[in-house]
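Numbers 19 to 589, taken from our numbering, label the letters of the sequence shown in order. Ideal Cβ placement from N, Cα and C applies to all residues, glycine included. In this text the structure is predicted, and so the values were computed from the model without any measurement. This report refers to the structure that appears directly beneath it.
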Amino acid sequence: MRTARSLCLFVILLFGSTASAPAGAPPPGTPVQSLAQVADAARAITPSMMLGHVRALAADDKQGRAPGTAGEERTVAYLVGEFKRLGLAPGNPDGTFVQHVPLIGFTGQATAAFEIKGAPMPLAVPDDAVVVSRQGLPDASVAKSPMVFAGYGVVAPEFDWDDFKGVDVRGKTIVMLAGDPPVPDPANPAALDQQVFKGAALTYYGRWTYKYEMAAKKGAAAAIIIHETGPAGYAFDVVKASWGRENFGVAGPDEASRHAAVDAWVTLDRAKALFSACGLDFDALKARAATRGFKPVPLGATASFTVKNAIRSLSSRNVIGRLEGRDPVLKHEYVMYSAHWDGFGTNRALQGDQVLNGALDNGSGVATMLAMAEAFTRLEGGTKRSVLFFSPTAEESTMLGAKYYAEHPLWPLEKTLADINMDIMNFWGRTKAIVSIGYGMTTLDDLLVAEAAKQGRIVLPDPEAEKGYFYRSDHFELAKQGVPALHFLHPGADYRDRPPDYGQRMRDRYTAEDYHKVTDDVKTDWDLSGAVEDAQLLFGVGLAVSQGSAYPEWKPGTEFRAIRAARLKAK
Ligand SMILES: [Zn+2]
Numbered sequence: 019m020r021t022a023r024s025l026c027l028f029v030i031l032l033f034g035s036t037a038s039a040p041a042g043a044p045p046p047g048t049p050v051q052s053l054a055q056v057a058d059a060a061r062a063i064t065p066s067m068m069l070g071h072v073r074a075l076a077a078d079d080k081q082g083r084a085p086g087t088a089g090e091e092r093t094v095a096y097l098v099g100e101f102k103r104l105g106l107a108p109g110n111p112d113g114t115f116v117q118h119v120p121l122i123g124f125t126g127q128a129t130a131a132f133e134i135k136g137a138p139m140p141l142a143v144p145d146d147a148v149v150v151s152r153q154g155l156p157d158a159s160v161a162k163s164p165m166v167f168a169g170y171g172v173v174a175p176e177f178d179w180d181d182f183k184g185v186d187v188r189g190k191t192i193v194m195l196a197g198d199p200p201v202p203d204p205a206n207p208a209a210l211d212q213q214v215f216k217g218a219a220l221t222y223y224g225r226w227t228y229k230y231e232m233a234a235k236k237g238a239a240a241a242i243i244i245h246e247t248g249p250a251g252y253a254f255d256v257v258k259a260s261w262g263r264e265n266f267g268v269a270g271p272d273e274a275s276r277h278a279a280v281d282a283w284v285t286l287d288r289a290k291a292l293f294s295a296c297g298l299d300f301d302a303l304k305a306r307a308a309t310r311g312f313k314p315v316p317l318g319a320t321a322s323f324t325v326k327n328a329i330r331s332l333s334s335r336n337v338i339g340r341l342e343g344r345d346p347v348l349k350h351e352y353v354m355y356s357a358h359w360d361g362f363g364t365n366r367a368l369q370g371d372q373v374l375n376g377a378l379d380n381g382s383g384v385a386t387m388l389a390m391a392e393a394f395t396r397l398e399g400g401t402k403r404s405v406l407f408f409s410p411t412a413e414e415s416t417m418l419g420a421k422y423y424a425e426h427p428l429w430p431l432e433k434t435l436a437d438i439n440m441d442i443m444n445f446w447g448r449t450k451a452i453v454s455i456g457y458g459m460t461t462l463d464d465l466l467v468a469e470a471a472k473q474g475r476i477v478l479p480d481p482e483a484e485k486g487y488f489y490r491s492d493h494f495e496l497a498k499q500g501v502p503a504l505h506f507l508h509p510g511a512d513y514r515d516r517p518p519d520y521g522q523r524m525r526d527r528y529t530a531e532d533y534h535k536v537t538d539d540v541k542t543d544w545d546l547s548g549a550v551e552d553a554q555l556l557f558g559v560g561l562a563v564s565q566g567s568a569y570p571e572w573k574p575g576t577e578f579r580a581i582r583a584a585r586l587k588a589k
């Protein structure tokens, strides 16, 4: 994909070069909008407007924006009010701006214990193990279930990989390692093999959601992941905090069969103690699990769990607005921007400030989405395709709102050309470089590069691909259904007029001090000049898709290319 300007500099010409044009698309080179018109619309995005949205979303009256609370009512009312003020059409074909998402909330009290040859090994919940039951039932118990070490718990035919080797784990408790199997490169054993599980980058197989899904598929009674900060991507404290409060699931009769009775994490320390009490060498087994020849190993121990869930049903909402395209044919195709509105709510157990305001996560992303809605609605001449502004609920609970949308789409997914997702924006100043999470997976990155070049900026790949951020926000649920996705989360790199390590320092400080805490609040030292530039950039990318002649595509070798091809073929 490339973008060129005409000699007179008054029109942007959009050319497609990577994908076949859909029926009804304009021929390459069709004038769309003057540069002045695009610049005018982009100027609608300002620091004060974005800050105003963040202040409103992070205000204490929104109570941290937990699904199913008065905070949700106020947040949804704010978003719907903004969509109406901007003159957007309802994003739901039923004539409303919301999609109801039936959820259950459950708060569990759990116990956990291992037993090794008659000797009990008690576990403190949640300091040694975090235990939940996601089946939507008030009680779950697993009694003396034989434990089996199943390596990384991965079945990946494309890599000729199967950690189960046909071993029946029904009714058992499977113990798995976090992350992808780290397979050494045969040519350079110090590095990881790029051909298997994408080297150091995390794939979906390394995510805990995958491992628990696999455990349920195999009929295990319980699934335990051994926590290690590196492969998990975060410290055990983060698991404790996010799993220890009320958790959510989609309500429905199928849920019990989609989960094992118990999903748990155990600390590395306790796992090592368990293996050693069983007379097994943890490090040796871990090394063996990084090979294709690995077979499940019975530990000679049992696991017992009880979980009592206080359950409530609630109806939460995805919020969605639509700017209708002007082309009679192409208006039935869509470009989506997404940014989750939900946060972690209010923690009454805390002293002092109890509201987890979620200013950056994800007030900043929602503010950016609203800023782009403002720009698109000011764009003279409008867009050919329709643009969706989608704010899902329950992202912080395994992306349930986006998952629900992806399984119950309001607009055809095969006609949804792209999802551009925003989750935590850069409020620390202007950068010369931006980072695309999952860089290189889709042709949307080529558009991002072209648009960034107009701002005199460059695009860099994710420097922390091993943490798998691409699999940790709403666009991933759409990607799983084939929709090409761009994920914007990283604060960028190479800050203007700042020391080289400034961005990493600010990011590390945010992660350590504010992320998912009451202190994720509006800060006096914020500088939104970079966020405005990023929003204008993402406006440009979405605009190019909305007016362009090419369908964005997954690049060869990506997990989601096959499902996209199948959906487009079935169209
Ligand atoms: Zn977020």
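Query	Result
Contacting residues, own chain, Cβ-Cβ under 8 Å from A595 (five flanking each side not counted)	No answer is possible for residue 595: it lies beyond the span of the chain, which begins at 19 and ends at 589.
Heavy atom of ligand 1 within 8 Å of D526 beta-carbon	no
G521 - DSSP class collapsed to helix/strand/coil	helix
Identity of the residue in A553, R585, R582 nearest A59 by Cα	A553
Contact test: N206 Cβ vs ligand 1 heavy atom, cutoff 8 Å	no
C-alpha distance - A84 paired with A436, whole-angstrom precision	28 Å
Distance, A131 Cα to K313 Cα	25 Å
3-residue-minimum beta strand (DSSP E) runs that sit fully inside the segment 166-245, ordered along the chain	191-195, 206-210, 240-245
Whole-number beta carbon distance between D538 and G376, since they are thought to touch under 8 Å	6 Å
First through last residue of the beta strand (DSSP E) which encompasses S334	315-341
Bridge-paired residues (DSSP) for S454	P479
Sequence-ordered residues whose beta carbon comes within less than 5 Å of a heavy atom of ligand 1	D379, N380, D441
Distance CB(M67)-CB(E392) smaller than 9 Å	yes
Cβ pair count under 8 Å reaching 3, the segment 163-177 against the segment 332-347	no
C-alpha gap between L466 and K573, whole angstroms	15 Å
Of the listed residues D345, D512, A305, E495, nearest to P207 (C-alpha basis)	A305
Other residues of its chain near A161: CB distance less than 6 Å, five sequence neighbours each side excluded	S322
Length of the line joining the Cα atoms of G105 and T576	38 Å
Other residues of its chain near T395: CB distance less than 8 Å, five sequence neighbours each side excluded	L104, G105, L106, L341
Where the alpha helix (DSSP H) containing A128 begins and where it ends	Premise fails: A128 lies in the beta strand (DSSP E), 116-134, not in any alpha helix (DSSP H).
Nearest candidate by alpha-carbon position, reference V325, set A279, M390, L378, D360	A279
Cβ distance (whole Å) where I63 is taken to contact A389 below 8 Å	4 Å
V559 - DSSP class collapsed to helix/strand/coil	helix
Beta carbon of W261 nearer than 9 Å to that of I243	no
Alpha carbon of P427 to alpha carbon of K290, nearest angstrom	45 Å
Buried/exposed call for I30, threshold 16 Cβ in 10 Å	Low local confidence applies: a pLDDT of 37 at I30 is under 50, so the model's placement there is unreliable, and no value is given.
Environment of S356 [buried if 16+ CB atoms lie within 10 Å]	buried
Straight-line Cα distance separating N110 from K349	15 Å
Alpha carbon of R582 to alpha carbon of F506, nearest angstrom	21 Å
Status (buried if at least 16 other CB within 10 Å, exposed otherwise) for D464	buried
DSSP beta-bridge partners of F407	G339, Y355
Residue interval of the beta strand (DSSP E) (run including I597)	Here the chain comprises residues numbered 19 to 589, so residue 597 is not present and cannot be evaluated.
Nearest-angstrom Cβ-Cβ length linking M443 and A549, presumed shorter than 8 Å	5 Å
Cβ-Cβ distance between T364 and G89 below 9 Å	yes
Rounded straight-line distance, which links the Cα of K589 to that of P44	Confidence is the limiting factor: at P44 the pLDDT is only 47, short of 50, which leaves the residue's position unreliable, though a coordinate-based value still follows. So the two alpha carbons sit approximately 20 Å from each other.
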